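First up is the structure itself, then whatever we jot down about it.
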Amino acid sequence: MSYENILINHEDRTTIITINRPQSLNALNAKTIMELSNALDEISKDTNCRVAIITGSGEKSFVAGADIKEFSDFGTSAAEELARNGQNILFNKIENLNKPVIAAVNGFALGGGLELAMACHIRYASDNARLGLPEVTLGLIPGYGGTQRLPKLVGKGLANELIFSAKMIPAQRAKEIGLVNDVLTLEELLPKTKELAKQIAQNSPMGITKAIEAVNQSDSSTGFETEIKAFGELFEMDDKKEGVAAFLEKRKPSF
């Protein structure tokens, strides 16, 4: 499939998606959201891909937010549809993808950009990154899951502070509060992210898929039961048989 606003690159068993709208600091418009969604659909079915990385083009911005020009004149119904479609088409799809998605945050991650990063399973950031949810400065609130995912990552108090104040925080502060996993130089960011992806790709694809399902239920009343069922289901799968056999035979598994 050909794309206009994103670039796709395959390396080993990792697919790198680069949002490529440098003229607008990689802001998310409807077309870009749909292209990202389509790319994830392809990745979910690609047996050669074990991990996905999402990053932005250039050295200034991961995603500087949503493209405000597209919805500046919306009314209530259109705005609700915008948020609902965005969540269902892209943000929830990332969180529930059957393969890990890592955000390589290379610069500004604001508004929808930070929401995109938060939907990913892991976040690495460059030391020049600045992160924030500035929606209240426009008389709005985050609409792509920011009010729900941020409290789970940093706690309710810090989430309220960031959302209510609309302030941007540097990458190191984001690491301190658990918003990003690690901070690297801009030059190190993508190589280190690829290194992590390579390590993940060596492990059981089905084990990781089930782990994603279980972790995503960790804050629900069904979390423990989800884990129990996933644990049991894996015992009938080839990955578990190969993994245990390799352990007993003192060799590396071939997943």
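Residue numbering for the sequence shown is 195 to 449, as defined by our numbering. For every residue, glycine included, the Cβ atom is placed at its ideal position computed from N, Cα and C. Since the model is a prediction, treat every value here as computed from it, not as a measurement.
Counted within 10 angstroms of its Cβ, other Cβ atoms place residue i as buried (16 or more) or exposed
i: serine 448; result: exposed
i: glutamate 229; result: buried
i: asparagine 220; result: buried
i: glycine 340; result: buried
i: leucine 309; result: Note on residue identity: the sequence assigns glutamate, not leucine, to residue 309. Under this definition glutamate 309 is a buried residue.
i: histidine 315; result: buried
i: leucine 383; result: buried
First and last residue of the uninterrupted beta strand (DSSP E) at residue i
i: phenylalanine 256; result: 255-257
i: threonine 249; result: 245-250
Presumed contact (8 Å Cβ cut-off) between residue i and residue j, rounded CB distance
i: leucine 222; j: alanine 273; result: Wrong, their Cβ atoms sit about 15 Å apart, outside the cutoff.
i: threonine 212; j: isoleucine 200; result: 6 Å
i: alanine 391; j: isoleucine 296; result: 6 Å
Limits of the unbroken alpha helix (DSSP H) element including residue i
i: threonine 212; result: It is not in any alpha helix (DSSP H) - threonine 212 instead sits in the beta strand (DSSP E) that spans 208-213.
i: asparagine 232; result: 224-239
i: valine 261; result: In the sequence as presented, valine is not what sits at residue 261; that position holds aspartate. Per DSSP, aspartate 261 belongs to no alpha helix (DSSP H) and is neither H nor E.
i: glycine 437; result: 432-442
i: arginine 278; result: 270-280
i: phenylalanine 418; result: 417-428
Proximity of residue i and residue j at Cβ, strictly below 9 Å
i: alanine 289; j: alanine 313; result: Here residue 289 is glutamate; the residue named in the question, alanine, does not match the sequence. Yes, these two residues count as a Cβ contact at 9 Å.
i: serine 320; j: threonine 379; result: yes
i: alanine 298; j: threonine 226; result: no
i: alanine 246; j: leucine 291; result: yes
i: serine 153; j: glutamate 430; result: Because residue 153 is not part of the residues shown, which for the chain are 195 to 449, the question remains open.
i: glycine 333; j: alanine 258; result: no
i: alanine 336; j: leucine 325; result: Rather than alanine, the amino acid found at residue 336 in this sequence is proline. No, the Cβ-Cβ distance between proline 336 and leucine 325 is not below 9 Å.
i: isoleucine 202; j: proline 294; result: no
Within-9 Å CB hit, residue i to chain D
i: aspartate 321; result: Judged by its chain identifiers, the structure shown contains no chain D, having just a single protein chain.
Beta bridge counterpart(s) of residue i as assigned by DSSP
i: tyrosine 318; result: Ala298, Asp376
i: arginine 324; result: Phe302, Pro364
i: asparagine 203; result: Ile210
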